[in-house]
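Residue numbers (the working numbering), protein chains in the order written: chain A, 274 to 576; chain B, 18 to 304.
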């Protein structure tokens, strides 16, 4: 089966400035994929190219094995834009019926599907109100509804929870879980790394329009941990010995911060300190978070 | 094709949903009522004046004032029709781009040309019947009030529709290229240009200045709206008026010469090229 999304050396230049430098990535069908990067890294431009809203300057890309922007590809897409604005003079129901018509969904399918998605996004019973009167969060919900209306095979969600409260966020996580259960590919753009950590199978970090690292989330984060040691007195011999087991990130007279590859080294670290005769007051292992990884990968260079 | 009709239908629903249609219908009724009321009073006062002088106006004598009043009415109808064509279309594409609503439509299985053509069809199916109905209401309403019917109102309306369609299509092109504000200002200037060009031409004809006449002619090809109105006005004037105009020349609000088939073909081809350009531009843009 063709990958859900595939790009090779994708590049987009706006007026001489590259928004996306050279992007190659592959997302397999059924994956929940997190697309992460700092502001201006080219995330939204990438999504717009994949959706056929913007044309690449060079490079190749395909969606479900079909060329970008082709009707066959678009039929199986769903998209929730970051700056969601919809035809707000319509009621929620009219809005969804209109989009169902663009998808070419039949009357029967439309009648069945609309209550389903309304229920899913928590707007059932509000479909006869004009979108204009919806709160920001409700507008994002109706946007989510139109993105999954056609039971798409690939859904692009650009900051899908930006306007939602914590409960709404949890519901969106549940919806993503629901999509995943139906083997839908989800391409998630988000700054909320805790959320990405909870939902994504795989992530790619982009910076300046290039993928700087990608991989399965559990591999990227597996067992890598930071260890904080509180000791009587740090001495050079102790540091040298510790370096045999882990990377020393930082040290002061009483503390040492280490990055270890796995938990197996913890006893050795303790032993090293004890053997050095310094006295061990605390050894605190802490799993590295996605946020730590993000900051490490895209440390901003001075402008 | 299904999507073209869908977008056209959407345009209608938007006009209804935003209560645009009702506003237009209501204001139009006010305009027509005022016009007929004014027409009635004016003719009444003519008759009264004549009676005070101990005379009665013969049908020949009342013919010219009647014809002038209908012509003035139609001039305003044409102006309204042009304005409605431009203003209803001004945001058709740019509004969707500016507000971001386009981003949820274009990734769906619709081709870009279907989107633009649908918008075009939707707007023209709103503006042109409006113009035709308004013009016919004015002509036949006046006939009812005064008993005067212009020689060939249908041909006149046909040319007015052609002018409105050209302006509408040009507005669509602007809207596909620029923001709503830029399109609005641009179209206003284009419209004014055609108008000034027409006046220059008629002043040139009046003063027999070849350069001005030439400028007027060029502008009639670049912005045909004014020239089309002049062509339409020929069908609205009785023989006497046309002959009188031939003698005086240079009326900036009406013409006395029939438009050539070649000119009409030019306008048709020009409109088509503008439409194709709108589709092309929209198809290539990044959003």
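For each residue, glycine too, the CB sits at the ideal point set by N, CA and C. Please read these numbers as outputs of a predicted model, since none were measured by experiment.
Worksheet item: Which chain B residues are close to residue 375/A, counting only those with a beta carbon under 8 Å from its beta carbon?
Response: Here the neighbours are 20, 23, 122, 125, 126, 127.
Fill in: Whole alpha helix (DSSP H) elements within the region 479-560 of chain A, 4-residue minimum
Note on the region 479-560 of chain A: whole alpha helix (DSSP H) runs with a minimum of 4 residues are 490-494, 509-515, 539-548, in chain order.
Discussion item. Just verifying my parser: in three-state terms, what is the DSSP assignment at residue 576/A?
Written reply: Residue placement at residue 576/A is poorly supported in this model, since its pLDDT is 43, which falls under 50; the coordinates are not used for a value here.
Discussion item. Can you list, in chain order, the residues of its chain with a C-beta nearer than 8 Å to that of residue 514/A? Leave out the 5 residues immediately preceding and following it.
Written reply: Correct list, in chain order: 545, 548, 549.
Discussion item. Along the chain, where does the beta strand (DSSP E) containing residue 295/A start, and where does it finish?
Written reply: Counted as a single uninterrupted DSSP element, the beta strand (DSSP E) harbouring residue 295/A occupies residues 290-300.
Worksheet item: Would you say residue 347/A faces chain B, with C-beta separation under 7 Å as the test?
Response: Taking Cβ atoms only, chain B reaches closer than 7 Å to residue 347/A, which makes this a yes.
Worksheet item: Rounded to a whole number of angstroms, what is the C-alpha to C-alpha distance between residue 539/A and residue 565/A?
Response: When rounded, the distance between both Cα atoms is 20 Å.
Worksheet item: Nearest chain B C-beta to residue 517/A closer than 7 Å, yes or no?
Response: So no, residue 517/A is outside the interface.
Discussion item. What does DSSP give as the partner residue(s) for residue 278/A in the beta ladder?
Written reply: Residue 278/A pairs with 300/A, 336/A.
Worksheet item: Going straight from the alpha carbon of residue 87/B to that of residue 152/B, what length do you get?
Response: Distance between the alpha carbons of residue 87/B and residue 152/B: 10 Å.
Worksheet entry | Member of 139/B, 126/B, 96/B whose CA lies at the smallest distance from the CA of residue 108/B | Nearest C-alpha to residue 108/B: 139/B.
Discussion item. Here's a check: name, in chain order, each residue in its chain whose Cβ is nearer than 7 Å to the Cβ of residue 92/B, leaving out the five neighbours to either side.
Written reply: When the five nearest sequence neighbours on each side are left out, the beta carbons in the same chain lying within less than 7 Å of the beta carbon of residue 92/B are those of 270, in order along the chain.
Worksheet item: What's the gap between the Cα of residue 489/A and the Cα of residue 437/A?
Response: Taking the straight line joining both Cα atoms gives about 27 Å.
Worksheet entry | residue 286/B, DSSP secondary structure in three states | Three-state result, residue 286/B: helix.
Item to complete: For the region 392-406 of chain A and the region 334-354 of chain A, state whether three or more C-beta atom pairs, one from each stretch, are separated by less than 8 Å.
Response: Not touching, per the Cβ criterion.
Discussion item. Quick check: residue 80/B and residue 241/B, are their CB atoms within less than 7 Å of each other?
Written reply: Contact flag unset, no.
Discussion item. I'd like to know if residue 327/A contacts chain B, where contact means its C-beta is closer than 7 Å to some C-beta of that chain.
Written reply: Yes, contact with chain B.
Item to complete: Verify the CB distance criterion: does residue 308/A have a CB-CB separation below 7 Å to chain B?
Response: False, the Cβ-Cβ gap to chain B never drops below 7 Å.
Practice prompt. Taking residue 83/B as part of the alpha helix (DSSP H), name the residues at either end of that continuous run.
Written response: Counting along the chain, the alpha helix (DSSP H) containing residue 83/B begins and ends at 76-106.
Item to complete: Could you tell me whether the region 549-559 of chain A touches the region 499-509 of chain A, using the rule of 3 or more Cβ pairs below 8 Å?
Response: When Cβ pairs closer than 8 Å are counted between the two stretches, the region 549-559 of chain A is seen to touch the region 499-509 of chain A, the count reaching three or more.
Discussion item. Relative to the C-alpha of residue 121/B, which candidate in 452/A, 415/A, 302/A, 408/A has its C-alpha closest?
Written reply: For the options 452/A, 415/A, 302/A, 408/A, the alpha carbon positioned closest to that of residue 121/B is the one of 415/A.
Fill in: Span of the beta strand (DSSP E) around residue 458/A
It spans 458-462 - the beta strand (DSSP E) in which residue 458/A sits, taken as one unbroken run.
Item to complete: Quick one: using the 10 Å Cβ neighbour count with 16 as the cut-off for buried, is residue 199/B buried or exposed?
Response: Under this definition residue 199/B is an exposed residue.
Discussion item. For residue 127/B, which residues in the same chain have their Cβ closer than 6 Å to its Cβ, ignoring the five residues on either side in sequence?
Written reply: 20.
Worksheet item: Which one or two residues does DSSP pair with residue 142/B in a beta bridge?
Response: Beta bridge pairing from DSSP links residue 142/B with no other residue.
Worksheet item: Checking contacts by CB at 7 Å: is residue 358/A closer than that to chain B?
Response: So, interface residue.
Fill in: Reduced DSSP category for residue 163/B - H, G, I as helix; E, B as strand; rest coil
Helix.
Fill in: Endpoints, alpha helix (DSSP H) assigned at residue 243/B
Counting along the chain, the alpha helix (DSSP H) containing residue 243/B begins and ends at 242-251.
Worksheet item: Under three-state DSSP, which class holds residue 630/A?
Response: Any answer about residue 630/A is impossible in this case: the structure gives chain A only from 274 up to 576.
Worksheet item: What three-state label does DSSP hand residue 298/B in the structure shown?
Response: Taken through DSSP and simplified to helix, strand or coil, residue 298/B comes out as helix.
Fill in: residue 560/A versus residue 318/A: straight-line alpha-carbon distance, rounded
Their backbone Cα atoms lie some 33 Å apart in a straight line.
Practice prompt. Kindly confirm or deny that the region 47-58 of chain B and the region 111-125 of chain B touch, where touching means at least three C-beta pairs closer than 8 Å.
Written response: At 8 Å Cβ cutoff, the stretches do not touch.
Practice prompt. May I ask which residues mark the beginning and end of the beta strand (DSSP E) holding residue 175/B?
Written response: Element bounds for residue 175/B: not the beta strand (DSSP E) but the alpha helix (DSSP H), 170-194.
Worksheet item: From residue 562/A to residue 462/A, what distance separates their C-alpha atoms?
Response: Their backbone Cα atoms lie some 18 Å apart in a straight line.
Discussion item. Let me make sure I understand the geometry here. Which of 303/A, 313/A, 448/A has the alpha-carbon closest to that of residue 389/A?
Written reply: Ranking the options by Cα distance to residue 389/A, first place goes to 448/A.
Worksheet item: Which residues in the same chain as residue 114/B place their Cβ atom closer than 7 Å to its Cβ, once the five residues preceding and following it in sequence are excluded?
Response: By the criterion of a C-beta distance shorter than 7 Å, residue 114/B is surrounded in its chain by 304, once the five residues flanking it on both sides are discounted.
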